[in-house]
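K.L.:
Number of protein chains: 2
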Amino acid sequence: MTNPVLIEVTRGTTVESRHRGTFALVDGAGRVVASAGDIDAPVFPRSAVKALQALPLVENGWADRYGLAPAELALACASHSGEAIHTETALGTLRKLGLDEAALECGAHWPTARTAAAALIRDDRAPSALHNNCSGKHAGFLCLACGLKAEPRGYVGREHRVQRTVKDALVAAYGHDLDEATSGTDGCSIPTYAVPLRHLARAFARFGSGEAWPRERAAAAARLRSAVAAYPLLVAGTGRLDTDLMAHFGERVFTKTGAEGVFCAALPERGWGLALKCDDGATRASEAILLHLLEAAIAWTPDDRAALATRHDPVMRNWNGIEVGRLRPTEAIGAALAGVA
Amino acid sequence: MTNPVLIEVTRGTTVESRHRGTFALVDGAGRVVASAGDIDAPVFPRSAVKALQALPLVENGWADRYGLAPAELALACASHSGEAIHTETALGTLRKLGLDEAALECGAHWPTARTAAAALIRDDRAPSALHNNCSGKHAGFLCLACGLKAEPRGYVGREHRVQRTVKDALVAAYGHDLDEATSGTDGCSIPTYAVPLRHLARAFARFGSGEAWPRERAAAAARLRSAVAAYPLLVAGTGRLDTDLMAHFGERVFTKTGAEGVFCAALPERGWGLALKCDDGATRASEAILLHLLEAAIAWTPDDRAALATRHDPVMRNWNGIEVGRLRPTEAIGAALAGVA
Chain A
1 MTNPVLIEVT
11 RGTTVESRHR
21 GTFALVDGAG
31 RVVASAGDID
41 APVFPRSAVK
51 ALQALPLVEN
61 GWADRYGLAP
71 AELALACASH
81 SGEAIHTETA
91 LGTLRKLGLD
101 EAALECGAHW
111 PTARTAAAAL
121 IRDDRAPSAL
131 HNNCSGKHAG
141 FLCLACGLKA
151 EPRGYVGREH
161 RVQRTVKDAL
171 VAAYGHDLDE
181 ATSGTDGCSI
191 PTYAVPLRHL
201 ARAFARFGSG
211 EAWPRERAAA
221 AARLRSAVAA
231 YPLLVAGTGR
241 LDTDLMAHFG
251 ERVFTKTGAE
261 GVFCAALPER
271 GWGLALKCDD
281 GATRASEAIL
291 LHLLEAAIAW
301 TPDDRAALAT
311 RHDPVMRNWN
321 GIEVGRLRPT
331 EAIGAALAGV
341 A
Chain B
1 MTNPVLIEVT
11 RGTTVESRHR
21 GTFALVDGAG
31 RVVASAGDID
41 APVFPRSAVK
51 ALQALPLVEN
61 GWADRYGLAP
71 AELALACASH
81 SGEAIHTETA
91 LGTLRKLGLD
101 EAALECGAHW
111 PTARTAAAAL
121 IRDDRAPSAL
131 HNNCSGKHAG
141 FLCLACGLKA
151 EPRGYVGREH
161 RVQRTVKDAL
171 VAAYGHDLDE
181 ATSGTDGCSI
191 PTYAVPLRHL
201 ARAFARFGSG
211 EAWPRERAAA
221 AARLRSAVAA
231 YPLLVAGTGR
241 LDTDLMAHFG
251 ERVFTKTGAE
261 GVFCAALPER
271 GWGLALKCDD
281 GATRASEAIL
291 LHLLEAAIAW
301 TPDDRAALAT
311 RHDPVMRNWN
321 GIEVGRLRPT
331 EAIGAALAGV
341 A
């Protein structure tokens with residue numbers, strides 16, 4: 001099945017590039033509210049499921065046992081920009097466990113926030129594992145290791161009890177088995193498992209509503225959503241889409257980006273979840289698709305439209321600030337969303 | 001027409017993302033040696049045609065009149081990384097014209113070379129128009145303005161004599177009219193004109209061989225190719241594909257990348273030219289496609305294969321250096337190239 005073109009990139013009045021993709025907007029029972037493309041093909045959710053991976057940490061009471069604050073829970077769900085607030089919060093979690101950044105096994109990379117990278121360069125410092133966009137999730141994994149009374153070392157390994165616990169949590173959240181044959185290694189060295197988009201979307205419907213989940217898991221999801229809504233800067237960073245969306249909508253939406261063009265979202269007021277994947281892995285397209293789905297799925301007011309206009313209708317400008325093109329949705333998006341009201 | 005998937009991005013043994021695209025490998029008469037996808041659809045060549053845009057500068061004798069050195073000619077064809085050698089060479093050209101960086105109308109952006117960006121940050125300096133990847137091309141445009149005895153100011157404008165001269169040069173190189181209706185504004189503020197890939201590829205066949213071109217234009221092309229082969233670092237930068245390919249092959253190939261997934265190349269020994277466009281604009285895919293076409297089009301020796309192995313079969317590694325996936329060509333590439341020998 002060839003997935004439809006969902007986003008066109010124009011230059012002048014001509015289409016310069018095209019992004020194909022697939023999305024599923026489903027309810028907590030798994031009924032498809034709207035979709036495009038092949039939603040039964042397995043996709044790697046990558047970082048879009050960090051909040052699902054954080055469920056056992058909360059559900060088993062270990063976040064409380066080690067005194068994790070809401071900001072630290074938000075960071076456990078984050079792909080952060082490596083700003084000071086992110087690295088300090090990650091270090092704070094580690095200290096509560098009696099650990100420090102040496103325990104992190106995610107690897108180091110330069111902060112994506114230009115200001116944070118510039119600060120390191122000015123101080124002639126190299127980035128550490130705390131700057132890795134996943135350091136909050138990994139601090140959460142280490143908390144999980146402590147809760148499980150497991151040796152922290154090697155916690156990124158496929159057979160380590162931390163990752164087995166996380167995989168079990170994903171299987172429970174998806175209501176769908178995960179096959180080692182369609183798994184891979186993620187950017188931060190943990191295993192990542194491909195899952196059909198329809199199950200990914202249903203998991204986020206339930207993450208938002210708790211539908212069909214045990215009470216403890218539903219409560220854990222509500223705490224994580226509430227933590228991210230209270231600390232949206234922690235889940236991404238300054239000027240990032242996830243941060244701006246949740247700063248604007250609060251608990252009305254939970255969104256999370258993943259590498260290679262993935263986005264997931266929970267829409268508690270509708271009881272719906274959504275998952276999307278851009279075939280070619282482009283973030284510019286996954287962000288644009290997300291905005292159009294969100295607009296259709298929850299009733300945007302004129303104020304919402306005004307606040308999110310530059311996100312919803314992205315204009316591409318050149319180095320002199322001249323508009324050179326736009327990202328626009330195709331009729332395939334409109335047709336798929338026509339029945340959503 | 002739906003263009004075929006040409007490159008798959010794997011994670012583990014599963015395909016995570018897919019890049020569709022089109023390519024044309026043609027001879028100087030325009031006969032198609034190999035192709036995939038719709039090669040009659042107009043595409044914006046973007047920076048891939050900088051060498052064609054530099055033809056009038058050389059062909060009319062103005063590069064000589066103003067004493068432009070081979071390194072400066074190479075930079076006129078460049079999308080450079082903003083390293084010191086690039087900014088200094090661009091400034092050198094401007095000084096020969098009695099100008100300085102204030103005459104550049106390309107806008108400023110941060111150097112893409114991390115070392116160059118870090119040097120600016122350490123010195124608390126902002127990037128200037130000299131760091132713009134197009135500053136060499138723009139210095140060439142200013143030389144063109146001087147040659148034409150035109151007021152330099154406004155040289156990026158669609159109606160300025162510089163851009164009209166450049167457009168005429170493109171029409172002559174393509175052997176194909178350019179329509180204002182399918183034009184746009186490029187990243188550096190000059191007009192860019194969409195052209196069918198088959199004509200773009202033929203222009204590069206002729207850029208390599210001079211076939212069907214007036215003697216002066218063929219000679220200008222040979223001088224530009226020779227300049228780039230002598231100064232491959234000038235046309236891109238440290239570790240960049242164009243630089244590495246021409247450092248390796250010398251005058252046997254001329255390649256040039258363009259934004260939004262475009263690549264063009266001239267293969268003088270075969271008399272062929274090639275042009276490709278990745279539908280979604282991804283550079284990782286356009287680079288991978290280029291390597292497979294080059295391998296098929298000119299006889300790679302075992303030494304070539306060894307030298308270009310990491311380019312030809314790119315491995316994706318995570319922050320811990322662990323292999324997580326690969327970029328691999330699809331059967332559609334193999335089938336299209338089966339007859340090339």
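From first to last, the protein sequence lines are chains A and B.
Oh and the first sequence: position 25 is 25 in this note's numbering, straight run, nothing missing.
Oh and the second sequence: position 77 is 77 in this note's numbering, straight run, nothing missing.
All C-beta atoms in this analysis are idealised placements derived from N, C-alpha and C, irrespective of residue type, glycine included.
Model, not experiment: these values are computed from the prediction.
Can you tell me whether DSSP reads residue 152/A as helix, strand or coil?
P.N.:
By one-based count along the first sequence, residue 152/A stands at place 152. Residue state, collapsed to three classes: coil.
K.L.:
Determine, using beta-carbon pairs with one atom in the stretch 288 to 295 of chain A and one in the stretch 210 to 226 of chain A, whether at least three such pairs fall under 8 angstroms.
P.N.:
no
K.L.:
Using a Cβ-Cβ cut-off of 8 angstroms, state whether residue 279/A counts as contacting chain B.
P.N.:
Residue 279/A sits at position 279 when you count from the first residue of the first sequence. Interface residue, yes.
K.L.:
State yes or no: is the C-beta of residue 262/A within less than 8 angstroms of the C-beta of residue 48/A?
P.N.:
Taking the first sequence and counting its residues from 1, the one referred to as residue 262/A is at position 262. Taking the first sequence and counting its residues from 1, the one referred to as residue 48/A is at position 48. Contact flag set, yes.
K.L.:
Can you list the residues of chain B that residue 194/A reaches, using a CB-CB cut of under 9 angstroms?
P.N.:
One-based indexing of the first sequence puts residue 194/A at position 194. The contacting residues are 11, 12, 14 and 16.
K.L.:
Listing by chain order, which chain B residues have their CB less than 7 angstroms from the CB of residue 121/A?
P.N.:
Mapped onto the first sequence, residue 121/A falls at position 121. Going along chain B in sequence order, the residues near residue 121/A (Cβ under 7 angstroms) are 118, 121 and 122.
K.L.:
Quick one, are the C-beta atoms of residue 17/B and residue 147/A less than 8 angstroms apart?
P.N.:
Along the second sequence, one-based indexing puts residue 17/B at 17. Along the first sequence, one-based indexing puts residue 147/A at 147. The answer is no: Cβ separation not under 8 angstroms.
K.L.:
What residue range does the alpha helix (DSSP H) around residue 232/A cover?
P.N.:
Here residue 232/A corresponds to residue number 232 of the first sequence, with the count starting at 1. Residues 232 to 235.
K.L.:
Measure the C-alpha to C-alpha separation of residue 315/A and residue 327/A and round it to an integer number of angstroms.
P.N.:
Residue numbering aside, residue 315/A sits at position 315 when the first sequence is read from its first letter. Residue numbering aside, residue 327/A sits at position 327 when the first sequence is read from its first letter. Each residue's CA atom was taken as its position, placing residue 315/A and residue 327/A some 7 angstroms apart.
K.L.:
For residue 51/B versus residue 77/B, is the C-beta spacing smaller than 8 angstroms?
P.N.:
Here residue 51/B is taken as the residue at index 51 of the second sequence, counted from 1. Here residue 77/B is taken as the residue at index 77 of the second sequence, counted from 1. The answer is yes: Cβ separation under 8 angstroms.
K.L.:
Which partner residues does residue 316/B have in the DSSP bridge list?
P.N.:
Here residue 316/B refers to the residue found at position 316 when the second sequence is read from its first residue. Its beta-bridge partners are 325/B.
K.L.:
On the criterion of 16 or more Cβ atoms from any shown chain inside 10 Å, does residue 5/B qualify as buried, or is it exposed?
P.N.:
Residue 5/B sits at position 5 when you count from the first residue of the second sequence. By the 10 Å Cβ count, residue 5/B comes out buried.
K.L.:
Take every Cβ of the stretch 10 to 27 of chain A, pair it with every Cβ of the stretch 182 to 197 of chain B, and state whether three or more of those distances are shorter than 8 angstroms.
P.N.:
Between the stretch 10 to 27 of chain A and the stretch 182 to 197 of chain B, the count of Cβ pairs shorter than 8 angstroms is three or higher; the stretches touch.
K.L.:
In the stretch 256 to 267 of chain A, which residues sit with their C-beta less than 8 angstroms from some C-beta in chain B, listed in chain order?
P.N.:
Listed in sequence order: 260 and 261.
K.L.:
Under 8 angstroms by Cβ, that's how I've got residue 264/B and residue 247/B pegged, so tell me the actual separation to the nearest angstrom.
P.N.:
As a working mapping, residue 264/B is identified with position 264 in the second sequence. As a working mapping, residue 247/B is identified with position 247 in the second sequence. Rounded, the Cβ-Cβ distance is 18 angstroms, inconsistent with contact.
K.L.:
Just curious, the alpha helix (DSSP H) that residue 192/A is in, first and last residue?
P.N.:
Translated into positions along the first sequence, residue 192/A becomes position 192. Per DSSP, residue 192/A belongs to no alpha helix (DSSP H); it is in the beta strand (DSSP E), 191 to 193.
K.L.:
By a C-beta neighbour count over all protein chains shown, 10 Å radius and 16 as the cutoff for buried, is residue 136/B buried or exposed?
P.N.:
Counted from its first residue, the second sequence places residue 136/B at position 136. Classification for residue 136/B: buried.
K.L.:
For residue 32/A, count neighbouring C-beta atoms within 10 Å of its own C-beta (all shown protein chains included) and say buried if the count is 16 or more, exposed if not.
P.N.:
Here residue 32/A refers to the residue found at position 32 when the first sequence is read from its first residue. Exposed: under 16 other Cβ atoms inside 10 Å.
K.L.:
Within the continuous beta strand (DSSP E) that includes residue 121/A, where are the two ends?
P.N.:
The sequence position of residue 121/A within the first sequence is 121, counting from 1. Here residue 121/A belongs to no beta strand (DSSP E); instead the alpha helix (DSSP H) covers 114 to 122.
K.L.:
Go ahead and pull the three-state DSSP assignment for residue 334/B.
P.N.:
On the second sequence, position 334 is the one that residue 334/B refers to. Three-state DSSP puts residue 334/B in a helix.
K.L.:
In whole angstroms, give me the CA-to-CA distance for residue 229/A and residue 250/A.
P.N.:
Within the first sequence, numbered from 1, the residue matching residue 229/A stands at position 229. Within the first sequence, numbered from 1, the residue matching residue 250/A stands at position 250. Using only the alpha carbons, I get a separation of about 5 angstroms.
K.L.:
Report all residues from its chain with a CB closer than 8 angstroms to the CB of residue 323/A; omit the five preceding and five following residues, and keep chain order.
P.N.:
Against the first sequence, residue 323/A aligns to sequence position 323. Counting only Cβ-Cβ distances below 8 angstroms, and skipping sequence neighbours, we find 315, 316 and 317.
K.L.:
Taking the alpha-carbon of residue 203/A as reference, which of 81/A, 272/A and 160/A has the nearest alpha-carbon?
P.N.:
Locating residue 203/A in the first sequence gives position 203, counting from the first residue. For residue 203/A, the nearest C-alpha among the options comes from 272/A.
K.L.:
Does residue 60/B get closer than 8 angstroms to chain A when you measure Cβ to Cβ?
P.N.:
Sequence index remark: in the second sequence, residue 60/B carries index 60 (1-based). It does not: the Cβ of residue 60/B has no partner Cβ on chain A nearer than 8 angstroms.
K.L.:
Pick helix, strand or coil for residue 15/A, following the three-state DSSP scheme.
P.N.:
Position 15 of the first sequence, counted from the first residue, corresponds to residue 15/A. It is a strand residue.
K.L.:
Compute the Euclidean distance between the alpha carbons of residue 235/A and residue 242/A, then round it to the nearest angstrom.
P.N.:
Here residue 235/A refers to the residue found at position 235 when the first sequence is read from its first residue. Here residue 242/A refers to the residue found at position 242 when the first sequence is read from its first residue. It is roughly 7 angstroms from the alpha-carbon of residue 235/A to the alpha-carbon of residue 242/A.
K.L.:
Along the chain, which unbroken stretches of the beta strand (DSSP E) at least 3 residues long are found entirely within the stretch 145 to 224 of chain A?
P.N.:
As far as the stretch 145 to 224 of chain A is concerned, its whole beta strand (DSSP E) runs of at least 3 residues are 183 to 185 and 191 to 193.
K.L.:
Across which residues does DSSP place residue 35/B in a beta bridge pair?
P.N.:
Counted from its first residue, the second sequence places residue 35/B at position 35. In DSSP, residue 35/B forms a bridge with 24/B.
K.L.:
Just to check my reading of the structure: residue 56/A and residue 200/A have Cβ atoms closer than 8 angstroms, yes? What is that Cβ distance to the nearest angstrom?
P.N.:
In the first sequence, the residue the question calls residue 56/A occupies position 56. In the first sequence, the residue the question calls residue 200/A occupies position 200. Not really, about 18 angstroms apart at Cβ, beyond 8 angstroms.
K.L.:
Could you give the DSSP three-state label for residue 110/A: helix, strand or coil?
P.N.:
Reading the first sequence from its first residue, position 110 is the one you call residue 110/A. Three-state DSSP puts residue 110/A in coil, outside helix and strand.
K.L.:
Output, in chain order, the set of chain E residues within a Cβ distance shorter than 9 angstroms of residue 107/A.
P.N.:
Any reference to chain E falls outside this structure, whose protein chains are A and B.
K.L.:
Any contact between the stretch 83 to 95 of chain B and the stretch 123 to 132 of chain B? By contact I mean 3 or more CB pairs, one from each, below 8 angstroms.
P.N.:
Output reads yes: the stretch 123 to 132 of chain B touches the stretch 83 to 95 of chain B.
K.L.:
Mark residue 149/A as exposed unless 16 or more other C-beta atoms lie within 10 angstroms of its C-beta, in which case mark it buried.
P.N.:
Taking the first residue of the first sequence as position 1, residue 149/A is located at position 149. It is exposed - the Cβ of residue 149/A has fewer than 16 other Cβ atoms within 10 Å.
K.L.:
Within 10 angstroms of the Cβ of residue 268/B, are there 16 or more other Cβ atoms? Answer buried if so, exposed if not.
P.N.:
Walking along the second sequence from the start, residue 268/B turns up at place 268. With 16 or more Cβ atoms within 10 Å of its Cβ, residue 268/B is classed as buried.
K.L.:
Pull up the distance between the alpha-carbon of residue 307/B and that of residue 313/B, whole angstroms please.
P.N.:
Within the second sequence, residue 307/B is the residue found at index 307, counting from 1. Within the second sequence, residue 313/B is the residue found at index 313, counting from 1. Cα-Cα distance, rounded: 12 angstroms.
K.L.:
Given 8 angstroms as the limit, is there contact between the stretch 152 to 167 of chain B and the stretch 109 to 124 of chain B, that is, 3 or more CB pairs closer than that?
P.N.:
no
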